[in-house]
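> Dropping a structure here in structure tokens format, bear with me for questions.
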Amino acid sequence: MHSLLTLSLAILLLPLFSFVLLIFFGKKFYEKSGHVGTAILGIDFLLTFYVAIQKLTDTTNEVFSYSFTWVDFHSTIPLKLDLGIMLDNVGAVMLMVVLLVSFLVHLFSLGYMKGDVRYSKYYAYLGIFTFSMLGIVLTNNFFLMYMFWELVGLSSYLLIGHWYEKKSAADAGKKAFITNRVGDFGFFIGIMILWFNYSSLSFDHIYSSIAHGILPFGSSGWLTAAGIFIFCGAVGKSAQFPLHVWLPDAMEGPTPVSALIHAATMVAAGVYLVVRTFPMLTADALMIIAYIGAVTAFISATIAIAQYDIKKILAYSTISQLGYMVMGLGVGSYSAGFMHLVTHAAFKAGLFLASGSIIHAMHHALHHVNDHHTDAQDIRFMGGLRKKMPITFWTMIVFTLAISGVPLTSGFLSKDAILAGTLAYNHFTGQTLIPLIGFFVAGLTAFYMFRMIFIVFFGEHHDAHRLEHVHESPRTMTIPLITFAAVSFFAFYSFNPFSAGDGWFFQKTAVPESVVPQAVRAASAEAFGEELHHQHYLAMGLSLTMAALGILTAMLFYYWKKFSADKVVAAVPRLFTFLNNKWYFDELYQKTAVNGTIGIAKLLAWFDAKIIDGIVNGAAWLTRLVAVISGKFDHIVVDGIVNFTAYFTGFFGLVFRRIQTGKVQTYIIFALVGAMVLFYVYR
Amino acid sequence: MEIKFLHIGILTWITFLPVLGMIVVLLLPKEQKQAIRWTSLAFTILQVILAVVIFQNFDRTLAGINSKEGMQFVEQYRWIDIKSTSWIGRIAIDYFVGIDGISVPMVLLTALISCIAVISSFSIEKSIKGYFALLLLLDTGMMGVFVALDFFLFYVFWEIMLLPMYFLIGVWGGPRREYAAIKFFIYTLLGSVLMLLAMLALYFSVTIKDGNEVIHTFNMLAMMNPENFVHGSLLEGVGTSWRYVAYIALFIGFAIKVPAFPFHTWLPDAHVEAPTAISVILAGVLLKMGTYGLMRIAFPIFPDAAIHYLYPLAFIGFINIIYGAYCAMAQKDFKKLIAYSSVSHMGIVLLGMAAMNTQGMMGAMFQMFNHGTITAMLFLIVGVIYDRAHTRGLDDFGGLMNKMPKYSGIMMIAFFAALGLPGLSGFISEAFSFLGAFQTFKWLTIASAFGIILTAAYMLWTLQRVFLGTLPEKWNNLTDINGREMAMLVPLAVIVIILGIYPSPVLDLMNSSANALVDFVKNSAGIAMLGQ
């Protein structure tokens, strides 16, 4: 095993150690649990920093990999299940992302979760989450991927339901897990197809087999299907349409959890899965992926406009941005899609932590004025927080600029690259809808993000007295914010603020060669890159225009107040209600999937109790009935005959007894009479 | 491999130890409650130790299945020998025991579950002398089923186990115990009768040489060899209709035990009424006898019929998985829910074995073991709460997580293992079963895999109703689990976790036999098909 790989293994296991330590000895540490967890993660982060730098500065771009046989079936045809880990450039970048965010969230939570009822458990769960997430990053095969995939689902379940006394929190955790299971069901079918055809689940083996022309069930259609099935896992985890419904509810979890799991890392795992499976995706599969991403981006962006809960806005914006990444990968902008994952991780985690900082301050203030009814997350009760929370404000501005795709930010680089990709895609396939949605959503994003900024930080506060009690958060909370703001600048990804293509990131994460047969392959990387170059300036111009339009509209409505948002809402009430109610997806699923399942369950339970068991009981009843009848028969008929015989005999006995007088003379007379009769007869 | 003590083989010891225990228990005065309990525990612990010895000395390379040489710890003595009867001829029945990779995980499981059942029974107060005596007798019956290699002996053990079960449910059970006990008894007896008919048909069809004499036999291994069938006998040949009939009779006999749809309705009733320990044994060990019987007897003796009916078998597995899951979802009684989840999980075993390939067969065998540990945990968990609250209504609870943290922690392991979370043992066996089944039945397996969503749904829903939310006031005085309850739950939890990460200790045991079984069935059937 290469030394960097050994270190990666250590990186993987350290958070697990944190989990075990805190789950068993949490009571002992109690107040110190946070420090224990954070310290371990700090060490882990430093290790990762070292590994990532080593890996990314290595010019050979070698992929380190180590596998071992987990289960050997020893059957006549060789059949082994190998598991293992690998480290490549994409993995190294991802390690860095996961640990940076995880460490900062650990740090942030020291302040945010202070005094929580289950403080040590919270940190324990953060540990097992980080472990599982790192597992997804480092695995070199689908089986281990699936295992860690479900484990992050578990940690997500536990953390969403952290305050499980609240029914909504418990519901949200359950919903997240089950919705993800739906996606995983598809993922597992994909795994079954691959295992059937390749008797292996390692990426390398499968891709090289496909490259040698061995297709699943011998057809490229099945290759497309396999890709789509595996992508189902990503649809669940990355909250893509139509399984996006769990993510907004997941905001029931503590806000730092939202930042770590439901914004930066776990939800990005789906995108990461597409990155890992990219070589085996056919043109058809990629197109479906691109459309799923585009539709997701569009739907959730429209919903975000009409929300008032600060975390809900961010949740829908997360879904929308995840849609962007998926769309980017679908159109073939491999590096751009992955880069957006990375840049988004930083600024979205920052946005969530900043919102956490605001909610924390609001809670504090509401508590002070003895207000227990006002929703601390509703932006309509905020306003004017700029002066009171300067660090939160300025960092949030940076994040918002980044997500809106304003130059000099990291978000501009990645978003621009994705949009250029959609234009190039249009060039090759004629799918005009994709770039249209892409640019439109860019505008929407800028609009709803600045809408939030203006409402929260500018204007007048709802209640001046309450504002008195709003304070900036402690340093454990602001340091993470500042760090995330820092890494939202372009310079970390490319020295050219207007093009990601020249930076180290794109060079280190160049698109891998497709292994699918030529006939079903998407546009080649060279041709695509060429076209990308042509579209670069057009894309930049358009995306800047859209961002500017979005921001300008938001300013007109919420800063200068030239127009009234309420009037617009009043003009299109139906549309607003539709968007405010999230396109009624929850209601639809409740009516169909949930009620349907419960209905079938009740029906089958009734069938089981009444029909199946009814037959069993009926058979028993019938047997008893037969027994009773035969008993009666026995009693009346059979016994009756016997009794009748006895009676009959008795009757004759009675009759004949009369004759038997016991007197010899009588017998002699009978005998004589009898003899005479006989003589007469046989004469 | 042979291990003997006092000239008696280890399998005989492990089988009849509980009977010795029973005798001791019966000799104790009935006022000595603690002595009775601890004696029972001592004997079952001894049994576990023997199981560990077997585990250590079991040769992983030997396959068994149809060869006596491949069987381990074999003991074979003439048991019944009636020199001549007027029209049957000589009856010679062997005491023939031995184990291979199919049986050894079951032997381990039986020892483990019996021991845990005894610990769990410490809370029984009603006529405990009779209770523990019956429990130990039941233990012998179960163990005997898994070690017997002679069909007659197998049948005897199968029936021995029935009787104590009937009384344990019928006397120590819940309010509707008599109904449940009779239902269980008669249902199983129905299966036994079918099995008996098939067994007798086999007996009269199979002969072996005994010295110079040719005699009929109940030897299972002899029944697996087509050459031993008498020319012109009922079950001779391959693919003949009487062989199919006999296979179906055997199948129904075993299916009732599994329980396979539509023969499953005795299970929820029996579970609901049975005391906790009996539920644990019922779900942990008894259900496996059905699938074990299919693997040990039905498949290798009738490979032609087995191959012929693979699809129906898989289809029943599919129905069990989906139907069981749906039924579980609609239950309001905690124990009934777990009972139906057993139906669903045993469906995975049927599906995996119907795949008739290595992964499927190993998945099925491993699932039998894992279901034993996981479901035992689930029933123990229900038992713990029932002991305290005297109700099992899912809607009566809420918020136990805060009140009983240790209990809830263990519960989480069991629940997530049951819903197939990776890292816990249930996942591996489910995954292997599905991976294997997919090779044989593509669409049916996809349809069955849908069950993983349903399982997650009803398990999490249950978890939420009982453990999350707020605690109703009436449960304010509930206490967390005590040391005894920890002693029965923690070992199982540890096994579930270890096997979830590193399944090889159990997989290695059954690997050779699983391969041999699959090859044997396929080859025999293959030859059969060629011959036709």
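Chains as they are written, first to last, in the working numbering: chain A, 1 to 683; chain B, 684 to 1215. Note that beta-carbon positions come from the ideal geometry of N, C-alpha and C, so glycine has one too. Values in this document were obtained by computation on a predicted structure and should not be read as measured data.
1) Since Cys1010/B meets chain A, which of its residues come closer than 8 Å, beta carbon to beta carbon?
2) Residues of chain A with CB closer than 8 Å to the CB of Ile1136/B, please, in chain order.
3) Would you please verify whether the beta carbon of Trp621/A is less than 7 Å from any beta carbon of chain B?
4) Would you say Met192/A touches the ligand GDP, meaning its beta carbon is less than 6 Å from a heavy atom?
5) Determine, using beta carbons only, whether His74/A comes closer than 7 Å to chain B.
6) Could you tell me the distance, in whole angstroms, from the CA atom of Ile551/A to the CA atom of Tyr559/A?
7) State the DSSP-derived secondary structure class of Ser65/A, mapped to helix, strand or coil.
8) Roughly how many angstroms lie between the CA atoms of Val1065/B and Ile865/B, to the nearest whole one?
9) Tell me, please, whether the CB atom of Val71/A is closer than 7 Å to any CB atom in chain B?
10) Could one say the Cβ of Gln125/A lies closer than 7 Å to chain B's Cβ atoms, at least one of them?
11) Going by the CB atoms, is the gap between Ile40/A and Ser67/A shorter than 7 Å?
12) Are the Cβ atoms of Ala997/B and Ala953/B separated by less than 7 Å?
13) Along chain A, which residues have their Cβ under 8 Å away from the Cβ of Thr1202/B?
14) Counting pairs of beta carbons, one from the stretch 297-307 of chain A and one from the stretch 214-232 of chain A, are three or more of them closer than 8 Å?
15) Ser355/A and Leu314/A look like a contact to me (Cβ under 8 Å); what is the Cβ gap, rounded to whole Å?
16) Between Pro945/B and chain A, is the shortest Cβ-Cβ distance under 7 Å, so that the two count as touching?
17) For Ala170/A and chain B, any beta-carbon pair shorter than 7 Å?
18) If the cut-off is 9 Å on Cβ atoms, which residues from the stretch 152-171 of chain A count as contacting chain B, listed in chain order?
19) Excluding five sequence neighbours on each side, which residues of the same chain lie with their C-beta closer than 6 Å to the C-beta of Asp764/B?
20) Counting only the same chain and skipping the five closest in sequence on each side, list residues whose C-beta sits under 7 Å from that of Ala170/A.
21) For chain B, find out if any of its Cβ atoms is closer than 7 Å to the Cβ of Val516/A; answer yes or no.
22) Going by DSSP, what residues sit across from Ile1004/B in a beta bridge?
23) Can you tell me which of the three DSSP states Glu758/B falls into?
24) Go to Lys415/A, then tell me how far its alpha helix (DSSP H) extends in each direction, as first and last residue.
25) Excluding the 5 residues preceding and the 5 following Lys687/B in the sequence, name in chain order all residues of the same chain whose CB lies nearer than 8 Å to its CB.
26) Could you pull the DSSP bridge partners for His899/B from this structure?
27) Does DSSP classify Asp116/A as helix, strand or coil?
28) Find the residues of chain A that neighbour Val857/B, judging by a C-beta separation of less than 8 Å, and give them in chain order.
29) Taking Gly384/A as the reference, give the member of His465/A, His373/A, Gln307/A and Gly443/A with the closest Cα.
30) Does Val568/A pass the burial test, meaning 16 or more other C-beta atoms within 10 Å, or should it be called exposed?
31) Are the stretch 314-327 of chain A and the stretch 385-394 of chain A touching by the rule of at least three beta carbon pairs closer than 8 Å?
32) Indicate the three-state DSSP secondary structure (helix, strand or coil) for Arg773/B in the structure shown.
33) With a threshold of 7 Å between beta-carbons, can Ala1132/B be considered close to chain A, or not?
34) Pick helix, strand or coil for Ala831/B, following the three-state DSSP scheme.
35) In or out: Gly430/A buried (at least 16 other Cβ within 10 Å) or exposed?
36) If we count the other Cβ atoms within 10 Å of its Cβ and call it buried at 16 or more, is Tyr146/A buried or exposed?
The short version:
1) Residues of chain A passing the Cβ test: Ala601, Leu604, Ala605 and Asp608.
2) Correct list: Ile178, Arg181, Val182 and Phe185.
3) no
4) As far as ligands go, the structure on display features none, and thus does not contain the ligand GDP.
5) yes
6) In a straight line, the C-alpha of Ile551/A is about 10 Å away from that of Tyr559/A.
7) Looking at Ser65/A - three-state DSSP - the assignment turns out to be strand.
8) If you take the alpha carbons of Val1065/B and Ile865/B, they lie about 24 Å apart.
9) With respect to chain B, the C-beta atom of Val71/A has a partner C-beta closer than 7 Å.
10) Here residue 125/A is Tyr; the residue named in the question, Gln, does not match the sequence. Tyr125/A does not count as touching chain B.
11) no
12) No, the pair does not count as a contact, with Cβ atoms beyond the cut-off.
13) In the sequence as presented, Thr is not what sits at residue 1202/B; that position holds Asp. Correct list: Thr76.
14) no
15) 6 Å
16) yes
17) yes
18) Gly153, Leu154, Tyr157, Leu158, Gly161, Tyr164, Glu165, Lys166, Lys167, Ala169, Ala170 and Asp171
19) Ala775
20) Here the set comprises Gly161 and Tyr164.
21) Taking Cβ atoms only, chain B never reaches closer than 7 Å to Val516/A, which makes this a no.
22) For Ile1004/B, which the question treats as bridged, DSSP gives no partner whatsoever.
23) strand
24) Counting along the chain, the alpha helix (DSSP H) containing Lys415/A begins and ends at Ser410 to Thr429.
25) Ile693
26) Thr890/B
27) DSSP places Asp116/A outside both helix and strand once states are collapsed to three, so it counts as coil.
28) Checking the sequence shown, residue 857/B turns out to be Gly, not Val. Simply none; closest approach about 17 Å.
29) His465/A
30) With fewer than 16 other Cβ atoms within 10 Å, it is exposed.
31) No, the stretch 314-327 of chain A does not touch the stretch 385-394 of chain A.
32) strand
33) yes
34) strand
35) exposed
36) buried
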